[in-house]
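2 protein chains.
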Amino acid sequence: MEKADLLLKNATVITLDEQFHQYEPGAVAISGDSLLAVGAEREIVEQFQAHETIDCGGKVLMPGLVNAHTHVPMTLLRGLADDLRLDVWLMGFMMPVERQFVSPDFVRLGTQIACLELIRSGVTCFADMYYFEEHVARATAEIGLRAVCAQSILKFSTPDAQFFEESLAAAHDFIAKWKGHPLIVPSIGPHAVYTCTDEILQATVELALKFDVPLQIHIAETALEEENSRSEFGMPVVPYLKKHQLFDAKVLAAHCVHLDDGEMNTLLHYQVGVAHNPSSNLKLASGFAPVNKMLELGLNVGIGTDGPASNNDLDMFEEIRLAALLAKNVSEDPTALPARTALSMATRLGANALHIGDITGSLEPGKRADLILVDITALHASPRFKRDQNGLYAQLVYTGKSTDVRDVMVNGRWLMRDREISCLDEKELLRQAGEYAQQIDAFLIQREKSVLSKLIAIGGTVEEESFEVQAKVRVTDPEPVLAALKQPGVEILRARHYDEFDTYFLFADPDMGTLRYREDEFIEANGQASQARYRLTLIGAAREYHFKSDVLLSRSRYLAPATYSLRFYREYFKPVDELSIEKDRQRWRVLFRGTEFYINLDRLDQPQLGYFLEVKSRTWSRRDAEHKASVAEELLVFLSASQGERVTKDYLELAQATRTAHE
Amino acid sequence: MEKADLLLKNATVITLDEQFHQYEPGAVAISGDSLLAVGAEREIVEQFQAHETIDCGGKVLMPGLVNAHTHVPMTLLRGLADDLRLDVWLMGFMMPVERQFVSPDFVRLGTQIACLELIRSGVTCFADMYYFEEHVARATAEIGLRAVCAQSILKFSTPDAQFFEESLAAAHDFIAKWKGHPLIVPSIGPHAVYTCTDEILQATVELALKFDVPLQIHIAETALEEENSRSEFGMPVVPYLKKHQLFDAKVLAAHCVHLDDGEMNTLLHYQVGVAHNPSSNLKLASGFAPVNKMLELGLNVGIGTDGPASNNDLDMFEEIRLAALLAKNVSEDPTALPARTALSMATRLGANALHIGDITGSLEPGKRADLILVDITALHASPRFKRDQNGLYAQLVYTGKSTDVRDVMVNGRWLMRDREISCLDEKELLRQAGEYAQQIDAFLIQREKSVLSKLIAIGGTVEEESFEVQAKVRVTDPEPVLAALKQPGVEILRARHYDEFDTYFLFADPDMGTLRYREDEFIEANGQASQARYRLTLIGAAREYHFKSDVLLSRSRYLAPATYSLRFYREYFKPVDELSIEKDRQRWRVLFRGTEFYINLDRLDQPQLGYFLEVKSRTWSRRDAEHKASVAEELLVFLSASQGERVTKDYLELAQATRTAHE
């Protein structure tokens, strides 16, 4: 007889291997971290002698569930804000709170709570993407769950990086350190096309290829993402990523809601794994993912919960059931996505999507012992019909609850026995979570009083903050500037001329920033005013950096189309003071030494302050900002304006100073 | 101080009244079966002196959930057949099994199991529709739950009635006996437009009005139902029901998936309650109900689980969450159907939809004490943010599980305390359910060997059985018949002429019936054959009744379009014998003495057996069958054929006799 460490017998074994073998009564033999054998009880018992034998009492013994997409530390933000539009939810609540609170301690606590919830609902492996990801990995490994952990990279400031270079460097160190760990597969996570630059995409692919680790990214989650990709890049998201060689890496793509057949075929060609997130897609009204089509095509489509702030939990039983139900109605075919397929998505196909299908996802000899025992005799799941082998899958999918999971083993080690988890002090974790919640509540209650939250409350598309390199010079005569713009050396991409009427709302607390209501009247070549544009901008108080020669790095905060009247905003925001500025602006978008700049030649008419020349460029990284600051200097020289008086005040400050002088 | 029987204090009270009052800490005072007061703890404690005071430990105290549409005895058929098309599921599995097994004992057991499951998931009231409904009512009342119980009425044979008159009579007695019961509201349930006749609709409305009880019906569940209504009645389902005065009753309409704005307005005008069944609609691919529109219009839209055979459980927490999530994606608006609205659908609006909103559905003084206590401190629901009052609803809807319900009270009486239910022996109930499951398994395994199940297995639309009154006469000369058809007294609605080629498959077991593959070639006025039609009919062996003069009541079993070739069916069904019949058929649909008949004048060409005249009419009730049998006799006289030889054998039997004679 062969030796084994552990025999699990008298189980209803569903292997979820490619042939969907079932054994009743069945058994598995385990040695160390791996499965030695899976089969009919009689055969296994005859073949193996084990140190320990456990009678499973007829429970279902199946591979542990694979949560293919989540952000586990967000358990601490669960229920923070619901029933909101994605932009308001993300930019109005999640991002500000994350910037304020997310730290290694936060990430560790949130991960521990998530792991408890995941184990209780039968998950043995998950794919994560967050900040301070090494702390997610560490907490997960300590508890003993399996995970593919991606350090997120975004072009915006994040809780763990002012600029993307910092998070990329952290990701490099994280991957180098954890590569080869028995439980954790380190990974890199460029967040999405719309939150990354080409440079970020390229750097993350290189990193993934260098270490041969998976790359996680959000793809085609919303129709807007697709729309923007088409208008900005002239193509949908998938071809755009293909063009940037992203799929050379082992990619796990979350969402994939808005894809056409060609894009699905591209994903198939590059063996991209897909994470379908049914609850999240419904809750954020992202659309219905073409799950049937992707499965028929042969894509490895797993199922994920997405982050617990947008779900609001990590219950894979709910997701599996929802995936099976949704696909039927979307395809108008009740035979679509049967229970058996749904369960294989949550196990084998999910593991394949994570690019770790060789070690987990089904009960097969040689794979790691990642398994769960599920009680299917509860009242809500009874009776059991045995006529059809598929009945067992249907019972698990359509009546199973996460609370029916009794035991969980990962890598050959029990993490839960009869619903008891001993490795963590749940009460203490919840106490700490409660403390965070109190602080976050206080932070948001305070913020509710702010202009930003009121701006968000009235909706509209709100743009994320952006950084701008900016140099401003007072000019006495505009002609040399206009003449310089006709010289070679600068390429004019677009020219506009308009009257700009700005109304600034000032608030008692300067930290609230200033709200600008702006009306632009475009002036055509014939001198006539044509269409008008109304915008609302919330301008933060802070200037972040000064470069040499008074080139500023400034932050513009939030921008929204102003759909209501000035009167409405005045009454709604109740500013303590108000100031108007009127100017004639000539504006050019130009290419200078390979860099794009905006040039504004402004004539301040109210108050009458004369001409100003502004040179501006957007930036997303520190290195890029430094580079652009020096090119901006050169552009001022080119425009014959480098000798003019440098102005570091904005127009509002200039107007305020003028008013004070007149009082 | 005022007196009360019971005070519940230190609770997080959410009343779900129209103003959505919340009290934290809150309390309620109860006297007998009713709520005396609901409010802030301090005020309630000051105002009332009670025999007993219970500290709720901060749990959420809210109205019990209302399951607005279900068929509770079907707990015993849970998981019997899944991932199937509605017709195959219903006619291939549910109806045959129900015909075989559903009895008062079955209904009682299934109801008891359902009630246990409902109590455990926080339901205090449900709307049911099934057979032997008095036994549903009795079991429910014994346990102590509140329910609106409708005796189902269908034009088909049901487990409790061969003809609808029997079930209608049973419904009358049931309603008369239970009207005024403190827990049970008796009700009448014409199943749906497509399963009822006008006569049934009329009779059920009369009954509902006579006793002033609710009427339950399925409305616009599938696109096919709407399509058929338009083609058959020239109008959608709602106007058709309006035309038949159905909405004069207090109607609870289940599903309402395929409605236009006009139909919704009709429902609103007549104060029809709606039961939305999200899981069922998804699982059977019925479509997405226009829930937002119905709510905006002001309809009382409740939430139901539908029967546990098509869900597969009675978990209202799953349904509430799904209702809230689905509506967002369907309307492409994540702010649609917020958690608060979803919870009010599952409580107050649901009770209104059941037409018992005056006594239950919210925590308000004077209403019955139907309430639950829910623990919201579990790990999967933590932490709790208190910034926004709506957070509590979101916590219950998006992270709440049925297993978080700790206590349930109905009509002032505790049914569950700290998850313990003492009134039933769960183990014994599950043992009995297991026995039924074994018998049903055996029955279906046996049937798997049958032609019917094989017919169903290959899909296609399968029609339900129908009853036909039929008289057949051998005629030597067709001319007098043709002449009579030109006389006044018979109105020809349609005339057709075709060659009919029938191939009969015979099987070893005559109980399997006979399968007929039929090819019709239509003959145009110019004598040319035009389009052909291929159909498959499974004909049962049984003749049900003989009326006088050899008028037969026969049962045609299942009809499907034959989409494959004769060769395919021969190989697939493997008949032991085969027989071909070829005939020239002239067929008329006529109106005679106010009754619709089909008249077939057949010339049997192979075998050559001469002319036959058949007179047929469909029927759904015994009284109607008797009436039509006598009119058929009169029609034979009118057609100058009453003297011909009466034939009670069908063509297959005649052909078999001929073949035997030649052997």
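These protein sequence lines are chains A and B, in that order. My numbering numbers the first residue of the first sequence as 275 and each following residue consecutively. My numbering numbers the first residue of the second sequence as 275 and each following residue consecutively. From the three backbone atoms N, C-alpha and C, an ideal C-beta is built for every residue, glycine too.
Which residue's Cα is closest to the Cα of residue i: the options?
{"i": "L599 of chain A", "options": "A:Q720, A:K760, A:D580, A:P552", "result": "A:P552"}
{"i": "K277 of chain B", "options": "B:E320, B:F781, B:L515", "result": "B:E320"}
{"i": "L498 of chain B", "options": "B:L541, B:R359, B:G576, B:L390", "result": "B:R359"}
{"i": "I393 of chain B", "options": "B:L780, B:Y514, B:N341, B:A523", "result": "B:N341"}
{"i": "P881 of chain B", "options": "B:H936, B:K890, B:G624", "result": "B:H936"}
{"i": "W862 of chain B", "options": "B:D851, B:V850, B:D876, B:P456", "result": "B:D876"}
{"i": "E709 of chain B", "options": "B:L290, B:D379, B:G313, B:L281", "result": "B:D379"}
{"i": "R844 of chain A", "options": "A:Q761, A:Y791, A:L865", "result": "A:Y791"}
What residue does the beta strand (DSSP E) around residue i start on, and which one ends it?
{"i": "K283 of chain A", "result": "276–288"}
{"i": "F521 of chain B", "result": "Unbroken run through F521 of chain B: none, as it is neither H nor E."}
{"i": "T344 of chain B", "result": "339–344"}
{"i": "K429 of chain A", "result": "It is not in any beta strand (DSSP E) - K429 of chain A carries neither H nor E in the DSSP assignment."}
{"i": "I491 of chain A", "result": "488–493"}
{"i": "D402 of chain A", "result": "397–404"}
Tell me whether the beta-carbon of residue i lies closer than 8 Å to the beta-carbon of residue j.
{"i": "P433 of chain A", "j": "G384 of chain A", "result": "no"}
{"i": "I449 of chain A", "j": "F485 of chain A", "result": "yes"}
{"i": "V531 of chain A", "j": "I491 of chain A", "result": "no"}
{"i": "I630 of chain B", "j": "T398 of chain B", "result": "no"}
{"i": "T673 of chain B", "j": "G353 of chain A", "result": "yes"}
{"i": "I855 of chain A", "j": "Y925 of chain A", "result": "yes"}
{"i": "S395 of chain B", "j": "F591 of chain B", "result": "yes"}
{"i": "W382 of chain A", "j": "H409 of chain A", "result": "Per the sequence presented here, residue 382 of chain A reads as Arg, with Trp not at that position. It is a contact, given that the beta carbons lie within the stated cut-off."}
{"i": "S916 of chain A", "j": "A758 of chain A", "result": "no"}
{"i": "T579 of chain B", "j": "E570 of chain B", "result": "no"}
{"i": "G572 of chain A", "j": "L623 of chain A", "result": "no"}
{"i": "T869 of chain B", "j": "S895 of chain B", "result": "no"}
Can you give me the start and stop residues for the alpha helix (DSSP H) that residue i sits inside?
{"i": "W452 of chain B", "result": "438–452"}
{"i": "Y925 of chain B", "result": "925–936"}
{"i": "P849 of chain A", "result": "Looking at the DSSP string, P849 of chain A is not in any alpha helix (DSSP H), and its letter there is neither H nor E."}
{"i": "S554 of chain B", "result": "552–557"}
{"i": "Y667 of chain A", "result": "664–668"}
If you count every other CB in all the chains shown that lies within 10 Å of the CB of residue i, and 16 or more means buried, which is it?
{"i": "F438 of chain B", "result": "buried"}
{"i": "L596 of chain A", "result": "buried"}
{"i": "W363 of chain B", "result": "buried"}
{"i": "G670 of chain A", "result": "Checking the sequence shown, residue 670 of chain A turns out to be Leu, not Gly. The residue is buried, with at least 16 neighbouring Cβ atoms inside 10 Å."}
{"i": "M690 of chain A", "result": "buried"}
{"i": "N800 of chain A", "result": "exposed"}
{"i": "C697 of chain A", "result": "exposed"}
{"i": "S618 of chain B", "result": "buried"}
{"i": "I719 of chain A", "result": "exposed"}
What is the rounded straight-line gap between the Cα of residue i and the Cα of residue j?
{"i": "D776 of chain B", "j": "V921 of chain B", "result": "19 Å"}
{"i": "A445 of chain A", "j": "V334 of chain A", "result": "39 Å"}
{"i": "F400 of chain B", "j": "V684 of chain B", "result": "12 Å"}
{"i": "L887 of chain B", "j": "L481 of chain B", "result": "42 Å"}
{"i": "W688 of chain B", "j": "T621 of chain B", "result": "18 Å"}
{"i": "K969 of chain A", "j": "K602 of chain B", "result": "Here chain A covers residues 275 to 937 and nothing more, so residue 969 of chain A does not appear."}
{"i": "V479 of chain B", "j": "I458 of chain B", "result": "20 Å"}
{"i": "A929 of chain B", "j": "L533 of chain B", "result": "50 Å"}
{"i": "V548 of chain A", "j": "V302 of chain A", "result": "30 Å"}
{"i": "Y468 of chain A", "j": "S503 of chain A", "result": "8 Å"}
{"i": "G734 of chain A", "j": "L810 of chain A", "result": "Low confidence applies here, because G734 of chain A scores a pLDDT of 47, under 50, leaving its location unreliable; read the following figure in that light. C-alpha separation (whole angstroms): 10 Å."}
Comparing the CB of residue i with every heavy atom of the ligand PLP, is any distance shorter than 7 Å?
{"i": "C530 of chain B", "result": "The ligand PLP is not part of the structure shown, which contains no ligands of any sort."}
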